[in-house]
Amino acid sequence: MPAPGPEQPPTATTEVSTTLAEVVASERLRIVATLIRTTGDWDLAKDSFHDAVTRALTTWPERGIPDNPGAWLTTVAKNVAIDALRKATTERKATKRHAHELTDTPEEETTMPDDTIDDDRLRLIFTCCHPALALENRVALTLRTVLGLSVAETAHVFLVSEQTMQKRLVRTRAKIRSANIPYRVPPPHLLPERTAGVLAVLYLLFTEGYSSGSGSDLIRPALADEAIRLTRLVAQLMPHQPEVLALLALELFQHSRAAARLDAAGDLVLLEDQDRSLWNSDAIIEGSRMLTAAEKTLHLLGAGPGPFLLQAQIAAEHATAPTAAATNFARIATLYARLSQVAPSPIVDLNRAIAVAFSEGPDAGLALLDTLTLDAHLGEYHLLHATRADLLRRAGRSADALPHYRRALELAPSDPERRFLQSRIDQGLYSNPSPGSE
Amino acid sequence: MRYLLLIVSDPAAPAYIPEEDNIEEWVADLERRGAAIVGDRLRPPSDATTVTVRDGKTILTDGPFTESKEWIAGFDLIDVDNLDEAIELAAAHPMARFGRVEVRPLWPLELGA
Numbered sequence: 001m002p003a004p005g006p007e008q009p010p011t012a013t014t015e016v017s018t019t020l021a022e023v024v025a026s027e028r029l030r031i032v033a034t035l036i037r038t039t040g041d042w043d044l045a046k047d048s049f050h051d052a053v054t055r056a057l058t059t060w061p062e063r064g065i066p067d068n069p070g071a072w073l074t075t076v077a078k079n080v081a082i083d084a085l086r087k088a089t090t091e092r093k094a095t096k097r098h099a100h101e102l103t104d105t106p107e108e109e110t111t112m113p114d115d116t117i118d119d120d121r122l123r124l125i126f127t128c129c130h131p132a133l134a135l136e137n138r139v140a141l142t143l144r145t146v147l148g149l150s151v152a153e154t155a156h157v158f159l160v161s162e163q164t165m166q167k168r169l170v171r172t173r174a175k176i177r178s179a180n181i182p183y184r185v186p187p188p189h190l191l192p193e194r195t196a197g198v199l200a201v202l203y204l205l206f207t208e209g210y211s212s213g214s215g216s217d218l219i220r221p222a223l224a225d226e227a228i229r230l231t232r233l234v235a236q237l238m239p240h241q242p243e244v245l246a247l248l249a250l251e252l253f254q255h256s257r258a259a260a261r262l263d264a265a266g267d268l269v270l271l272e273d274q275d276r277s278l279w280n281s282d283a284i285i286e287g288s289r290m291l292t293a294a295e296k297t298l299h300l301l302g303a304g305p306g307p308f309l310l311q312a313q314i315a316a317e318h319a320t321a322p323t324a325a326a327t328n329f330a331r332i333a334t335l336y337a338r339l340s341q342v343a344p345s346p347i348v349d350l351n352r353a354i355a356v357a358f359s360e361g362p363d364a365g366l367a368l369l370d371t372l373t374l375d376a377h378l379g380e381y382h383l384l385h386a387t388r389a390d391l392l393r394r395a396g397r398s399a400d401a402l403p404h405y406r407r408a409l410e411l412a413p414s415d416p417e418r419r420f421l422q423s424r425i426d427q428g429l430y431s432n433p434s435p436g437s438e
Numbered sequence: 439m440r441y442l443l444l445i446v447s448d449p450a451a452p453a454y455i456p457e458e459d460n461i462e463e464w465v466a467d468l469e470r471r472g473a474a475i476v477g478d479r480l481r482p483p484s485d486a487t488t489v490t491v492r493d494g495k496t497i498l499t500d501g502p503f504t505e506s507k508e509w510i511a512g513f514d515l516i517d518v519d520n521l522d523e524a525i526e527l528a529a530a531h532p533m534a535r536f537g538r539v540e541v542r543p544l545w546p547l548e549l550g551a
């Protein structure tokens, strides 16, 4: 191959890698999802895309970046897949059909009736989140295939070895194939239930990233951004599903506080103590817009609120309150009561008791905590003990609070939380040098 | 695509209520869909005989292979498009309420391939 002529100067490698990284980020999901549909082979789809990217790295610096890099990658990946299938055809006649179909697939997407959701990305997401797959396998497959994390990165999220994760992914893809889990957006009668399953996976990804803080770990915190990006995509593709819009709103509200929830030392800052000027107002505005859209859609459907809508409404009250003291805790308590009917959970009950304490006083919150008998479910959950301790402290019963702080400290899973609880215990000791003297 | 629905008894399941057993309706639906191949009840494990051959000798055991409180009470071999349809039929089976239904995809043996 001769050196490129003067009319075609070689494209700088940095420009190629920058453009390629952008195109991969924006087009990978669409291309892989389409290849899975047309080839029926998850591994081939993934490998063909990878091959196309590798070819771009050698071709683009020589011939220049194509006008439409996404289309270039799509075509090359498709051709790689066709070649692989043709090669396989000589070995196994059974795959001939696939190669034939793939070649005949028109470039244009087939148009579907308006009420049908036709998008390969959604097909892929729904298939990865199929309820016949174990929840952790759904999450792993979504990380690997939908978000494009490497096997090593996916393994890191689950804190397992790369080998273990590789086996788990292989088994999961094998079940999709062997059990014939359909590669599709579910039909209308299954859609609400299956959408709830997808949203559960998305929210798990988000909280996994959100709760991992901002330490030296770079993969897990990035999951929160990735989860929002994916939820936004699902919301664009399914704009008439109130729970999808509500989940996006919820994630945006929670993420808006990312810069304020840890201090310089990496310690947790309670919501009421956070510097609200650090909250991301763009995220709050977008979250509010999404929540309004979700409420409108719900109203049009004449349906009752789902769990994500109620949680988003609660998050909105916090996110839009000018100060902690001005928060409408009475409404939050009401929303938690409704949430505990729609999606009963001891955690929801615990949060409801906290909201009641803030709106009606710590004694009311403590009384509710006692009637809910949460210890049977949450006895080992540090936040139950921390909450009881905090409400006792607010009720002026610091001495009574101490044993609960100590129990919470024993159970707390993370260093920032342990440091926070220890500081509360220290304060309690210093302000009450002789406990019980009150 | 063929699936075998294994109808499994479950001691922890709600008590069997004969009036709520709509198996005839279920079979009719299966046939209407053209999904029925074969299906039936099975006699209890006490009527089972387990056969093994070791060192050329046939050994018979009275009863099932494993001691278990859960046993296969029936089966239905169905032919449907995909797992979703198999799940839908399994969920509609009365024994999904009084027991459990295990959905097993068939793994066709390619003889002489």
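Chains P and F are the protein sequences, given in the same order. Quick note on this note's numbering: the first sequence kicks off at 1 and runs consecutively. Quick note on this note's numbering: the second sequence kicks off at 439 and runs consecutively. Backbone N, C-alpha and C fix where the C-beta goes; we use that ideal spot for every residue, glycine too. Everything numeric in this text was worked out from a predicted model, so none of it was measured.
Own chain residues within Cβ distance below 6 Å of residue i, not counting five before or after
i, result
"tryptophan 42 of chain P", "Ile36, Arg173"
"isoleucine 332 of chain P", "Ile314, Glu317, Ala355"
"methionine 238 of chain P", "Val244"
"alanine 293 of chain P", "Leu245"
"alanine 386 of chain P", "Ala408"
"leucine 549 of chain F", "none"
"aspartate 263 of chain P", "Val269"
"arginine 393 of chain P", "Ala401"
"proline 546 of chain F", "none"
"proline 6 of chain P", "In this prediction, proline 6 of chain P has a pLDDT of 49, which is less than 50 and means its spatial position is unreliable; what the coordinates show is noted afterwards. Around proline 6 of chain P: no qualifying Cβ."
C-beta contact flag for residue i and residue j at 8 Å
i, j, result
"aspartate 363 of chain P", "alanine 395 of chain P", "yes"
"threonine 504 of chain F", "isoleucine 497 of chain F", "no"
"valine 234 of chain P", "cysteine 129 of chain P", "no"
"alanine 227 of chain P", "phenylalanine 206 of chain P", "yes"
"alanine 140 of chain P", "alanine 81 of chain P", "no"
"valine 539 of chain F", "leucine 468 of chain F", "no"
"leucine 335 of chain P", "leucine 301 of chain P", "no"
"aspartate 517 of chain F", "alanine 486 of chain F", "no"
"proline 543 of chain F", "alanine 179 of chain P", "yes"
"leucine 402 of chain P", "alanine 412 of chain P", "no"
"serine 345 of chain P", "threonine 320 of chain P", "no"
"alanine 29 of chain P", "valine 151 of chain P", "Looking at the sequence shown, residue 29 of chain P is not alanine but leucine. The answer is no: Cβ separation not under 8 Å."
"arginine 261 of chain P", "leucine 248 of chain P", "no"
"proline 532 of chain F", "aspartate 459 of chain F", "yes"
"isoleucine 31 of chain P", "leucine 85 of chain P", "no"
"isoleucine 181 of chain P", "asparagine 520 of chain F", "yes"
"phenylalanine 513 of chain F", "tyrosine 454 of chain F", "no"
N- and C-terminal bounds of the beta strand (DSSP E) containing residue i
i, result
"alanine 447 of chain F", "Correcting the residue identity first, residue 447 of chain F is serine in this sequence and not alanine. 440-447 is the span of the beta strand (DSSP E), which, as asked, contains serine 447 of chain F."
"proline 543 of chain F", "537-543"
Same chain, Cβ closer than 7 Å to residue i, neighbours up to 5 away in sequence not counted
i, result
"leucine 515 of chain F", "Arg440, Leu442, Ile475, Val476, Gly477"
"aspartate 114 of chain P", "Note that aspartate 114 of chain P scores 44 on pLDDT, short of 50, meaning its location in the model is unreliable; the coordinates nonetheless yield the value given after this. Excluding residues within five positions, none has a Cβ falling inside 7 Å."
"serine 161 of chain P", "Ala155"
Contact set for residue i: own chain, Cβ-Cβ below 8 Å, skip 5 residues either direction
i, result
"proline 307 of chain P", "Glu243, Leu339, Val342, Ala343"
"aspartate 65 of chain P", "According to the sequence provided, residue 65 of chain P is isoleucine. The question's aspartate does not apply to it. So the qualifying residues of the chain are Thr11, Glu15, Val16, Thr19."
"alanine 283 of chain P", "Leu252, Phe253, His255, Ser256"
"leucine 57 of chain P", "Val16, Ser17, Leu20"
"aspartate 104 of chain P", "At aspartate 104 of chain P, the pLDDT of 45 sits below 50, so the modelled position is not reliable and the matter cannot be decided from this model."
Contacts that residue i makes with chain F (C-beta to C-beta distance below 7 Å)
i, result
"alanine 179 of chain P", "Leu521, Pro543"
Listed by chain order, chain F residues near residue i by CB distance under 9 Å
i, result
"proline 182 of chain P", "Asp519, Asn520, Leu521, Asp522, Glu523"
"alanine 132 of chain P", "Leu521, Asp522, Ile525, Val541"
"leucine 190 of chain P", "Asp522, Glu526"
Range covered by the alpha helix (DSSP H) that runs through residue i
i, result
"histidine 382 of chain P", "382-394"
"isoleucine 354 of chain P", "346-360"
"leucine 57 of chain P", "42-63"
"asparagine 180 of chain P", "Here asparagine 180 of chain P belongs to no alpha helix (DSSP H), and DSSP marks it neither H nor E."
"threonine 11 of chain P", "It is not in any alpha helix (DSSP H) - threonine 11 of chain P carries neither H nor E in the DSSP assignment."
"histidine 531 of chain F", "From DSSP, histidine 531 of chain F is part of no alpha helix (DSSP H); its letter is neither H nor E."
"leucine 73 of chain P", "69-91"
"serine 414 of chain P", "Here serine 414 of chain P belongs to no alpha helix (DSSP H), and DSSP marks it neither H nor E."
"alanine 376 of chain P", "375-378"
Within chain P, the residues that residue i reaches when beta carbons sit closer than 7 Å
i, result
"methionine 439 of chain F", "Asn180"
Problem - Minimum length 4: unbroken alpha helix (DSSP H) runs contained in the region 296-335 of chain P - result: At a cut-off of 4 residues, the continuous stretches assigned as alpha helix (DSSP H) that sit fully inside the region 296-335 of chain P are 307-320.
Exercise for the section: Pick out the complete beta strand (DSSP E) segments inside the region 117-153 of chain P, 3 residues or longer, and give them in chain order. Expected result: You should have found no qualifying run.
Practice task
Scan the region 186-270 of chain P and note each continuous beta strand (DSSP E) run of 3 residues or more that stays entirely inside, going in chain order.
Solution key: Complete beta strand (DSSP E) runs here, min 3: none at all.
Handout entry: Ordered list of beta strand (DSSP E) runs contained in the region 466-526 of chain F, each at least 3 residues
Key = If we require 3 residues or more, the beta strand (DSSP E) runs fully inside the region 466-526 of chain F come out as 474-479, 487-492, 495-500, 510-517.
Practice task
Report the residues of the region 253-275 of chain P with a CB closer than 8 Å to any CB of chain B, ordered along the chain.
Solution key: Going by chain labels, chain B is absent from the structure shown, which instead holds the protein chains P and F.
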